[in-house]
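Participant: One structure, pasted below without further comment.
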Amino acid sequence: MRSTASSQDCTAQALTFIEETRVVSESELQINNITPHHVTKFYREQIANSGYYDQLKYIVEPSIEEFESPGTLDTSGEHDNTVVPGLQHKYAQTGLLLVTERCGSYCRYCFRKRIVGKTSDEIAPDFDQAARYIARHPEMTNVLLSGGDPFVLSTAKLNKIVDHLLPIKHLNSIRFGTKMVAYEPRRFADSALPALFERIHAAGKTPIIVTHFDHVGEISSDAAHQIRFLRAQGVQLLNQSVLLAKINDDPEILAATFAKCHEIGVRPYYLFQARPVKGASHFQVALRRGLEIVRGINQRLSGIEKTFKYIMSHYTGKIEILDLGDDGRVYMRYHQNKAAEKIGKIFSRLHIEGACWLDDLPGK
Ligand code: SF4
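When we follow my numbering, the leftmost residue of the sequence shown carries the number 2, and every step to the right adds one.
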């Protein structure tokens with residue numbers, strides 16, 4: 002939100018939202034968990050010149066709807082799966098390490114609104130403590146560095162974090178979840194980065210970067226250039242997107258996004274159903290429409306480009322959303338679950354018009 006004027010109350014200010022300018026107090030922003038407004042110059046210019054500004058503005062520009070959208074702040078049970086401060090262990094093979102609460106720009110739909118752009122005690126304060134837990138869990142084969150965005154940290158800091166992880170023999174990959182390839186691709190031109198990836202390789206592990214492109218208009222020529230550079234360093238690249246109302250709820254756009262990812266060597270991996278997050282649930286697309294979009298995407302892509310799964314990251318596990326049957330039931334299967342025996346099992350729930358989340362569907 003750009004502050005355009007000050008009111009008499011020094012804690013209130015006139016802020017610019019997509020719909021209007023409104024005077025808002027500091028406490029109103031805090032009570033409603035409104036994420037700070039910050040957009041990199043690079044991304045501002047990219048979306049302005051992309052030809053898609055009217056869709057892409059919703060990614061980073063604040064909306065009045067953020068004060069009204071219902072939901073909760075921890076939709077996937079992150080708190081319940083935190084095993085030591087900053088480390089989550091929900092699925093046997095994967096550790097999730099929160100390394101910063103900062104990002105290059107702040108996405109208005111972020112499911113970690115409770116953390117990003119704030120001071121959070123959910124960020125790992127002690128990587129040694131996290132590493133000791135990981136070392137005691139040989140079933141964990143990979144660690145995902147997330148936050149926030151790990152690539153807002155300096156390469157020196159990233160080296161210090163991986164110092165704790167590289168000696169752990171049972172880890173076979175170190176994954177970085179980042180939207181910086183969209184927000185500030187030149188971050189990846191840092192001359193110190195190849196040595197970081199080389200250290201990961203030398204320790205017998207694969208460095209993986211999970212990019213976050215939601216829309217083809219975000220894939221700048223600088224991003225494509227840096228991705229080529231990362232691939233040359235042996236970094237594997239996957240992409241995750243979120244299905245977002247007004248932004249990419251269009252099979253044409255998402256098919257173009259995934260085809261572009263494929264073209265530059267990034268494998269489309271997850272298309273996430275947006276979560277019922279307080280202040281961001283207005284981005285949710287109904288399951289019926291989501292499934293229509295997924296069918297439309299698949300009709301437009303070649304076999305080798307269709308590498309994504311339509312996923313609901315639910316409290317109970319990662320659920321692949323498969324179809325809405327003629328019997329009026331939504332068919333799904335657990336892609337990930339704490340209980341191994343549930344993984345892969347197809348189950349169904351009666352469809353309710355407008356449903357966006359598993360909890361919107363009746364139990365039987
Ligand atoms: S970059 Fe990721 S963590 Fe940061 S605001 Fe966007 S979605 Fe959230």
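Glycine residues also receive a C-beta, built at the ideal position from the N, C-alpha and C atoms.
#1: Report buried or exposed for I347, applying the criterion of at least 16 other Cβ atoms within 10 angstroms of its Cβ.
#2: Determine, using beta carbons only, whether Y316 and L272 come nearer to each other than 8 Å.
#3: Under a Cβ-count criterion, where at least 16 other Cβ atoms within 10 Å of its own Cβ denotes burial, should E79 be classed as buried or exposed?
#4: Would you kindly work out how many angstroms separate the C-alpha atoms of D250 and A132, rounded to a whole number?
#5: In the DSSP output, which residue or residues are listed as bridge partners for V236?
#6: Where does D1 sit, in a helix, a strand or coil, going by DSSP?
#7: Taking only three categories from DSSP, how would you classify I344?
#8: If you reduce the DSSP assignment to three classes, tell me which class P269 lands in.
#9: CA-CA distance, K262 and V243?
#10: With 16 as the cutoff for other CB atoms within 10 Å, does H213 come out buried or exposed?
#11: With DSSP as the reference, label I220 as helix, strand or coil.
#12: Does the Cβ of D215 lie closer than 7 Å to at least one heavy atom of the ligand SF4?
#13: Out of curiosity, what's the CA-to-CA distance linking A257 and A190?
#14: Checking 8 Å against the spacing of the C-beta atoms, do G72 and K319 come in under that value?
#15: Among residues of its own chain, excluding the 5 on either side of I210, which ones have a beta-carbon nearer than 7 Å to its beta-carbon?
#16: Could you compute how far the alpha carbon of V163 sits from the alpha carbon of W358?
#17: I'd like to confirm something about K58: is its beta-carbon nearer than 7 Å to some heavy atom of the ligand SF4, or not?
#18: For N160, report the span of its alpha helix (DSSP H) as first-last.
#19: Contact between the region 275 to 295 and the region 117 to 127: three or more CB pairs below 8 Å?
#20: Pick out whichever of S106, G105 and V84 has its Cα sitting closest to the Cα of L97.
#21: Under three-state DSSP, which class holds H336?
#22: Could you pull out every residue in the same chain whose Cβ sits closer than 7 Å to the Cβ of Y53, ignoring the five residues on either side in sequence?
#23: Quick one: residues in its chain with C-beta nearer than 8 Å to the C-beta of D129, no 5 flanking neighbours on either side, listed in chain order?
#24: Given 8 Å as the limit, is there contact between the region 137 to 152 and the region 59 to 71, that is, 3 or more CB pairs closer than that?
#25: Can you find a heavy atom of the ligand SF4 that lies under 7 Å from the Cβ of R113?
#26: Do you know offhand how far D150's Cα is from E342's?
#27: Have a look at R350, G345 and H336 and flag the residue whose alpha-carbon is nearest the alpha-carbon of D327.
#28: Going along the chain, which residues of its own chain have a beta-carbon closer than 6 Å to the beta-carbon of L167, five neighbours each way excluded?
#29: Note down, in chain order, each residue of its chain lying with its Cβ closer than 6 Å to the Cβ of Y92, except the 5 sequence neighbours on either side.
Facilitator: In brief:
#1: Working through the sequence shown from its first residue, we reach residue 347 at position 346. Counting Cβ neighbours within 10 Å, I347 comes out exposed, since fewer than 16 surround it.
#2: Along the sequence shown, one-based indexing puts residue 316 at 315. Along the sequence shown, one-based indexing puts residue 272 at 271. No, the Cβ-Cβ distance between Y316 and L272 is not below 8 Å.
#3: As a first step, residue 79 must be located in the sequence shown, where it is residue number 78. The residue is buried, with at least 16 neighbouring Cβ atoms inside 10 Å.
#4: By 1-based counting over the sequence shown, the position of residue 250 is 249. By 1-based counting over the sequence shown, the position of residue 132 is 131. If I take the Cα positions, the gap works out to 40 Å.
#5: Against the sequence shown, residue 236 aligns to sequence position 235. Note: V236 sits in no beta bridge, so no partner.
#6: Outside the displayed span of the chain (2 to 365) sits residue 1, for which this structure offers no information.
#7: On the sequence shown, residue 344 is found 343 positions in, with the first residue counted as 1. In the structure shown, I344 sits in a strand (DSSP, three-state: E or B).
#8: Translated into the one-based positions of the sequence shown, residue 269 becomes position 268. It is a strand residue.
#9: As a working mapping, residue 262 is identified with position 261 in the sequence shown. As a working mapping, residue 243 is identified with position 242 in the sequence shown. Sequence check: residue 262 is Cys here, not Lys. Roughly 15 Å separates the two Cα atoms.
#10: Looking up residue 213 in the sequence shown gives position 212. So H213 ends up on the buried side.
#11: Sequence index remark: in the sequence shown, residue 220 carries index 219 (1-based). Looking at I220 - three-state DSSP - the assignment turns out to be coil, as it is neither helix nor strand.
#12: For the purposes of this step, residue 215 is identified with residue 214 of the sequence shown, where counting begins at 1. No, the Cβ of D215 stays beyond 7 Å of every heavy atom of the ligand SF4.
#13: Taking the first residue of the sequence shown as position 1, residue 257 is located at position 256. Taking the first residue of the sequence shown as position 1, residue 190 is located at position 189. If I take the Cα positions, the gap works out to 26 Å.
#14: To locate residue 72, count along the sequence shown from 1; it is residue 71. To locate residue 319, count along the sequence shown from 1; it is residue 318. Not closer than 8 Å, so no.
#15: Along the sequence shown, read from residue 1 onward, the residue named residue 210 stands at position 209. Excluding sequence neighbours, I210 sits near F177, T179, L231, V236 and L238.
#16: Locating residue 163 in the sequence shown gives position 162, where the first residue counts as 1. Locating residue 358 in the sequence shown gives position 357, where the first residue counts as 1. Their Cα atoms are separated by approximately 36 Å.
#17: As a working note, residue 58 is residue 57 in the sequence shown. Checking every heavy atom of the ligand SF4 against the Cβ of K58, none is found closer than 7 Å.
#18: For the purposes of this step, residue 160 is identified with residue 159 of the sequence shown, where counting begins at 1. Element bounds for N160: T156 to L166.
#19: no
#20: By one-based count along the sequence shown, residue 97 stands at place 96. For the residues S106, G105 and V84, the minimum Cα distance to L97 belongs to V84.
#21: As a working note, residue 336 is residue 335 in the sequence shown. It is a strand residue.
#22: By 1-based counting over the sequence shown, the position of residue 53 is 52. Excluding residues within five positions, the ones whose Cβ falls inside 7 Å are H216 and G218.
#23: For the purposes of this step, residue 129 is identified with residue 128 of the sequence shown, where counting begins at 1. The answer, listed in chain order, is H165.
#24: no
#25: Within the sequence shown, numbered from 1, the residue matching residue 113 stands at position 112. Yes; taking the cut-off as 7 Å, the Cβ of R113 has a heavy atom of the ligand SF4 nearer than that.
#26: Start at 1 with the first residue of the sequence shown, and residue 150 comes out as number 149. Start at 1 with the first residue of the sequence shown, and residue 342 comes out as number 341. Rounded to the nearest angstrom, the two C-alpha atoms are 33 Å apart.
#27: Counting from 1 along the sequence shown, the entry for residue 327 is found at position 326. Per the Cα distances, R350.
#28: Position 166 of the sequence shown, counted from the first residue, corresponds to residue 167. A204.
#29: Within the sequence shown, residue 92 is the residue found at index 91, counting from 1. Closer than 6 Å at Cβ, skipping near neighbours: Q337.
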